[in-house]
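When you line the sequence shown up against mature numbering (1 follows the signal peptide of the UniProt record, and there is no 0), it's residues -20 to -1, 1 to 276, in that order. We put the beta carbon where it would ideally sit given N, CA and C, even for glycine. Structure record follows, encoded as structure tokens.
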Amino acid sequence: MRFFSLSLLGCALLASHTYAHSMMTTPRGRGNVEWWGTCASGAGCHGPCESKRAQAPILNDPTYPIQTVRRGDTLTIHWQRFNHPGGFVRLTMVPFDQSDDWTAFHSANYAKFSCYESNCGPDDPNDSYFGAMNGPGDGICSTSFTVPQDLPDGKVTLQWIWYGGGVYYGQPDAGFGEYYTCTDYVVQGGQDLVAAGATAPQQVWQGGDASNPGTDVCKYWSSNRIGDCSFGNQRPANPREDDQLSQSLEPCSRAGSFVGKSAEFDPQGVRHTKRWGRGVRSEAYVQANAVNDTGA
């Protein structure tokens, strides 16, 4: 019976692969058509958002709920665990007209980092089939984010990144690639505007997850650094509807899990990556099934 239930779980996870491995759920993300709203680096969605600025609903969808915030407001950001443990989340916010630019997000004056399993965890903490605290669970994870003071009134974009997640397709040692979601707000008033660059950059760390409660560390796979599991500019060459695994270049590595902080706070942390899925699939397989993405 145990085997049967886990088989059903595996089928459910496989069936949901096209739709999500993780994404920000509240507030609502921009979404897209090609990847059913998600943005997985292994599937060829290279960010920084799941869709380009020109396709953002705030510009094109008259039913899109405009979210107005003020400088200094504290926002609560949610995402579903989607049955996957581990990793980190980074939140940054930039002016809307810079939201197609990775450099803008990386150089934002304020960034919030937390564990992926912040305020969430497996449904059954005693289920160790996939490893300690690695069991299924679809609860809501969350953290807070403060609207920076250097953003003038007008449209802005919040970016959510998940990196360092694990248990790819039920493999306890296999790590996911990166996932991205963006949502757009309108800033109106609040704290006094501070000129960009007038204050020192602020990076805020929030540790402690389901596996490490009450601490300042997180469980993670592959790497603690953004970019190591982004798969460069590659995408699957021949994704097929009848082969879920063909739709991604994941996993990033097969090295098991580690404990620590994101690289910004722990530069000596583990970076055990084997890009393009080496270690789970052969390099020859990946080279035959990945192409460079020349799209805009």
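Rounded Cβ spacing between A176 and D130 (contact assumed at less than 8 Å): Within the sequence shown, numbered from 1, the residue matching residue 176 stands at position 196. Within the sequence shown, numbered from 1, the residue matching residue 130 stands at position 150. Contact holds; Cβ gap of about 5 Å.
**Asked** If we ignore side chains and look at the alpha-carbon of each, how far apart do C95 and T126 end up?
**Response** In the sequence shown, counting from the first residue as 1, residue 95 sits at position 115. In the sequence shown, counting from the first residue as 1, residue 126 sits at position 146. For C95 and T126, the distance between alpha carbons rounds to 17 Å.
- Task: State the DSSP-derived secondary structure class of T83, mapped to helix, strand or coil.
- Result: Taking the first residue of the sequence shown as position 1, residue 83 is located at position 103. DSSP places T83 within a helical segment (H, G or I) once states are collapsed to three.
Just to confirm my understanding: we take A154, look at its own chain, exclude 5 residues before and 5 after, and list those with CB closer than 6 Å. What are they? Locating residue 154 in the sequence shown gives position 174, counting from the first residue. Setting aside the 5 residues that flank it on each side, A154 is surrounded in the same chain by Y148, P231, R234, V260, each with a C-beta closer than 6 Å to its C-beta; the list follows chain order.
Quiz item: Which residue comes first and which comes last in the alpha helix (DSSP H) that contains P75?
Solution: Within the sequence shown, numbered from 1, the residue matching residue 75 stands at position 95. No alpha helix (DSSP H) contains P75, which is instead part of the beta strand (DSSP E) from 68 to 75.
message = Give the list of continuous beta strand (DSSP E) stretches no shorter than 3 residues that lie fully inside the segment 209 to 243.
response = For the segment 209 to 243, whole beta strand (DSSP E) runs of length 3 or above, ordered along the chain, are 214 to 216, 237 to 240.
Check: Contact check, V136 vs P75 under 8 Å by CB: the rounded distance?
Finding: For the purposes of this step, residue 136 is taken as residue 156 along the sequence shown, with counting starting at 1. For the purposes of this step, residue 75 is taken as residue 95 along the sequence shown, with counting starting at 1. Between V136 and P75 the beta-carbon gap is near 6 Å, inside 8 Å, which marks them as a contact.
CA-to-CA distance, H1 to P116, given in whole angstroms:
Within the sequence shown, numbered from 1, the residue matching residue 116 stands at position 136. Within the sequence shown, numbered from 1, the residue matching residue 1 stands at position 21. Straight across, the Cα-Cα distance linking P116 with H1 is about 13 Å.
Q: Below 7 Å CB to CB, which residues in the same chain sit around T161 once its five sequence neighbours on both sides are set aside?
A: For this step, residue 161 is matched to residue 181 along the sequence shown. Scanning its chain for C-beta atoms nearer than 7 Å, with the 5 sequence neighbours on each side dropped, one finds around T161 the residues M3, M4, G9, C19, E30, W140, in chain order.
#### Entry: Simplified DSSP state of N272, which is helix, strand or coil
In the sequence shown, the residue the question calls residue 272 occupies position 292. Correct three-state label for N272: strand.
Between which two residues does the beta strand (DSSP E) harbouring I46 extend? Here the question's residue 46 lines up with position 66 in the sequence shown. The continuous stretches of beta strand (DSSP E) do not include I46, and DSSP gives it neither H nor E.
What does I141 pair with, by DSSP beta-bridge criteria?
-> As a working note, residue 141 is residue 161 in the sequence shown. Beta-bridge partners assigned by DSSP to I141: R70, Y160.
Query - Own chain residues within Cβ distance below 7 Å of I120, not counting five before or after - result: Here residue 120 corresponds to residue number 140 of the sequence shown, with the count starting at 1. Result list for I120: H58, Q60, C100, in chain order.
field: Nearest-angstrom Cα separation, counted from P132 out to A112
entry: Indexing the sequence shown from 1 puts residue 112 at position 132. Indexing the sequence shown from 1 puts residue 132 at position 152. Their backbone Cα atoms lie some 46 Å apart in a straight line.
query = Comparing the C-beta of K135 with each C-beta of chain C, is any distance below 7 Å?
reply = Although the question refers to chain C, the structure presented lacks it and comprises just one protein chain.
field: Nearest candidate by alpha-carbon position, reference F211, set P7, S21, W16, E14
entry: Looking up residue 211 in the sequence shown gives position 231. Cα-wise, what sits closest to F211 is S21.
P152 by DSSP, collapsed to three states: which one? Within the sequence shown, residue 152 is the residue found at index 172, counting from 1. Three-state DSSP puts P152 in a strand.
*Simplified DSSP assignment, three categories, for L173*: Within the sequence shown, the letter at position 193 stands for residue 173. Coil, per DSSP.
Would a C-beta distance cut-off of 7 Å place W185 and G66 closer than the cut-off? The residue given as residue 185 occupies position 205 in the sequence shown. The residue given as residue 66 occupies position 86 in the sequence shown. The Cβ atoms of W185 and G66 do not sit closer than 7 Å to each other.
- Item | Of the listed residues W82, H86, N192, nearest to F238 (C-alpha basis) | Within the sequence shown, numbered from 1, the residue matching residue 238 stands at position 258. Just measuring C-alpha positions, the residue of W82, H86, N192 sitting nearest F238 is N192.
Unbroken beta strand (DSSP E) run spanning I120, endpoints: For the purposes of this step, residue 120 is taken as the residue at position 140 of the sequence shown. Here the beta strand (DSSP E) through I120 covers 120 to 126.
* To do: Can you grab the Cα-Cα spacing for the pair D246 / G240, in whole Å?
  => Residue mapping note: residue 246 aligns to position 266 of the sequence shown, counting from 1. Residue mapping note: residue 240 aligns to position 260 of the sequence shown, counting from 1. Answer to the nearest angstrom: the Cα atoms are 7 Å apart.
*Chain-order list of residues whose beta-carbon lies under 7 Å from that of R(-19) (same chain, five-residue window excluded)*: In the sequence shown, the residue the question calls residue -19 occupies position 2. In this prediction, R(-19) scores a pLDDT of 33, lower than 50, which makes its location untrustworthy; the coordinate-derived value is nonetheless stated afterwards. Result list for R(-19): empty, nothing under 7 Å.
To which residues of the same chain is R51 closer than 6 Å at the C-beta, ignoring the five residues directly before and after it? Translated into the one-based positions of the sequence shown, residue 51 becomes position 71. Answer for R51: V127, Q129, G170, Q171, listed in chain order.
Residue burial classification, W16 (beta-carbon count within 10 angstroms, cutoff 16) | Numbered from its first residue, the sequence shown carries residue 16 at position 36. It counts as exposed.
What separation, rounded to the nearest whole angstrom, lies between the Cα atoms of A36 and P45? Start at 1 with the first residue of the sequence shown, and residue 36 comes out as number 56. Start at 1 with the first residue of the sequence shown, and residue 45 comes out as number 65. So the alpha carbons of these two residues sit roughly 12 Å apart.
query = Around the C-beta of residue 364, are 16 or more other C-beta atoms found within 10 angstroms, so that it is buried, or is it exposed?
reply = No statement about residue 364 is possible, as the shown extent of the chain runs from -20 to 276 and does not include it.
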